[in-house]
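What follows is a single structure, written as structure tokens, with notes after it.
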Amino acid sequence: MKVQGVMSLDFSISSVLAPMAEITDYPFRAIVRKFSNTLMVSEMISASGVFQRNQKTLFMLDLSPIDQPIGIQLFGHDAFIMASAAEEAEARGALFIDINMGCPVRKIVSDGNGSALMQDISLARKIVSAVCSRVKVPVSVKFRSGWNSENRNAVEFAKAMEGSGASFLTIHGRTRAQFYSGFSDWELIKEVKEGVRIPVIGNGDIHTPMEAVKRKQESGVDGVMIGRAILGCPWLMGQIEAAVIGKEIPKTPSIKEQEQIVLEHLSLMLDYYKYPKGLYLFRKHLCWYVSGKRDAGRFRQEVNSISDVNLLISSIKEFYNKAGINEGI
Ligand SMILES: Cc1cc2nc3c(=O)[nH]c(=O)nc-3n(C[C@H](O)[C@H](O)[C@H](O)COP(=O)(O)O)c2cc1C
């Protein structure tokens with residue numbers, strides 16, 4: 011379903027996979043795409059790293075043709091460097107450029123990046139205008155409800171971003187000071203939606219398909235963005251997408267099917283990052299995959315000390331075999 015609004019985008023934003031640093035990399039996105047073809051946003055990528063041709067940064071910018079639809083998220087605070095990096099991301103196939111103005115992490119904001127830009131609206135405007143003038147693809151901005159509870163300027167900020175040329179916006183309803191504590195303020199998200207004419211994506215604390223539908227309806231947003239709820243259950247993205255567009259919700263994969271997903275994810279990690287990096291980076295995903303299942307605590311401890319791929323595969327198979335027996339499969 012396309013966005014019906016003032017600004018017409020030629021991709022759907024009804025449900026979107028959130029950018030998550032060191033999580034939503036190519037292997038993870040490929041796994042989520044097995045269940046849903048929703049819009050995705052890359053992990054945040056340093057604009058100055060792109061500008062300086064840093065090899066690690068450029069590696070993150072490499073988009074496979076099957077990794078679509080996707081937008082690239084950039085962070086930085088220098089308008090010229092941001093615009094140059096956006097141009098590079100567009101040339102490499104980004105469907106849109108998302109500008110990170112929401113990251114709360116100290117080492118990011120202390121350099122004037124991420125949510126620090128919510129405190130300097132004139133610089134934020136300059137960055138958005140500069141990026142818009144250099145690329146043909148739509149430019150979006152992802153931000154928070156404000157810097158802290160005394161400075162919840164999301165509505166004013168959203169209007170400024172719209173006025174600077176942003177095609178759509180994503181708001182996570184927490185302040186920078188909250189990091190991930192408390193709750194996402196969906197009342198404020200609603201106010202942002204009502205305050206601008208461009209499409210708005212609401213984000214924060216959506217865990218189930220029904221919550222996604224409820225949040226979207228109550229706030230009037232054009233789309234919902236899902237982050238942490240997907241960790242360990244990539245099929246949830248397809249379930250949420252179906253609910254949001256009014257289709258039948260697909261079943262949760264069986265334990266046997268989940269085992270196959272886990273093994274495929276491991277294989278993609280090894281292809282993409284190579285051994286041993288791929289194996290080490292996979293461990294956190296494995297811990298999320300088994301979360302809530304019987305004996306998960308012992309399994310986590312065990313796999314975190316396994317460095318041999320074949321041994322890890324055997325342990326995963328054994329774990330899921332037992333989990334299947336316990337669930338009577
Ligand atoms: C581990 C982690 C990494 C994140 N990295 C990014 C990032 O690179 N860029 C960004 O805009 N937001 C990032 N976020 C924030 C999410 O995109 C999202 O706004 C937040 O998790 C709230 O949504 P949720 O409640 O659905 O998880 C990150 C969140 C987490 C938990």
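Throughout, the working numbering is defined as the position within the sequence shown, counted from one, plus 10.
C-beta: ideal position from N, C-alpha, C; glycine also.
| Query | Result |
| --- | --- |
| Output the boundary residues of the beta strand (DSSP E) element that contains ILE181. | 178 to 185 |
| How would you call SER229, buried or exposed, if buried means at least 16 neighbouring beta carbons within 10 angstroms? | buried |
| Could you give the distance in angstroms between the alpha-carbon of ASN314 and the alpha-carbon of PHE167? | 43 Å |
| Using only the alpha-carbon positions, how far apart do TRP196 and SER324 sit? | 44 Å |
| ASP77: which of PHE69, LEU84, LEU49 sits nearest, CA to CA? | LEU49 |
| Starting from the Cα of LEU289, find the closest Cα among PHE45, SER46, PRO37, VAL145 and give me that residue. | PRO37 |
| Quick check on the DSSP output: the beta strand (DSSP E) that includes VAL53 runs from which residue to which? | For the sequence presented, residue 53 should be read as Glu rather than Val. Residues 49 to 56. |
| Kindly examine ligand 1 and report whether one of its heavy atoms sits closer than 7 Å to the Cβ of GLU53. | yes |
| Below 7 Å, is the gap between the Cβ of MET92 and the nearest heavy atom of ligand 1? | no |
| Run through DSSP, which three-state label would LYS152 get? | strand |
| Could you compute how far the alpha carbon of SER277 sits from the alpha carbon of ASP35? | 14 Å |
| Relative to ligand 1, what is the chain-ordered list of residues with a Cβ closer than 6 Å to any of its non-hydrogen atoms? | ALA28, PRO29, MET30, ALA31, ILE33, GLU53, MET54, GLN83, ASN110, GLY112, CYS113, LYS152, HIS182, ASN213, GLY214, ASP215, ILE216, ILE236, GLY237, ARG238, ALA239 |
| Can you check the region 33 to 101 for any alpha helix (DSSP H) of at least 4 residues that lies completely inside it and give the ranges in chain order? | 36 to 43, 57 to 61, 65 to 71, 89 to 101 |
| Nearest by alpha-carbon distance to SER132: which of MET171, ILE107, VAL145, VAL149 is it? | MET171 |
| Cβ of SER174 within 8 Å of Cβ of VAL231? | no |
| Give the range of the beta strand (DSSP E) segment to which MET220 is assigned. | First-last for MET220: 219 to 229, but that is the alpha helix (DSSP H), not the beta strand (DSSP E). |
| Of all the options ASN64, GLN65, ALA101, which has the alpha carbon lying nearest to the alpha carbon of ILE82? | ALA101 |
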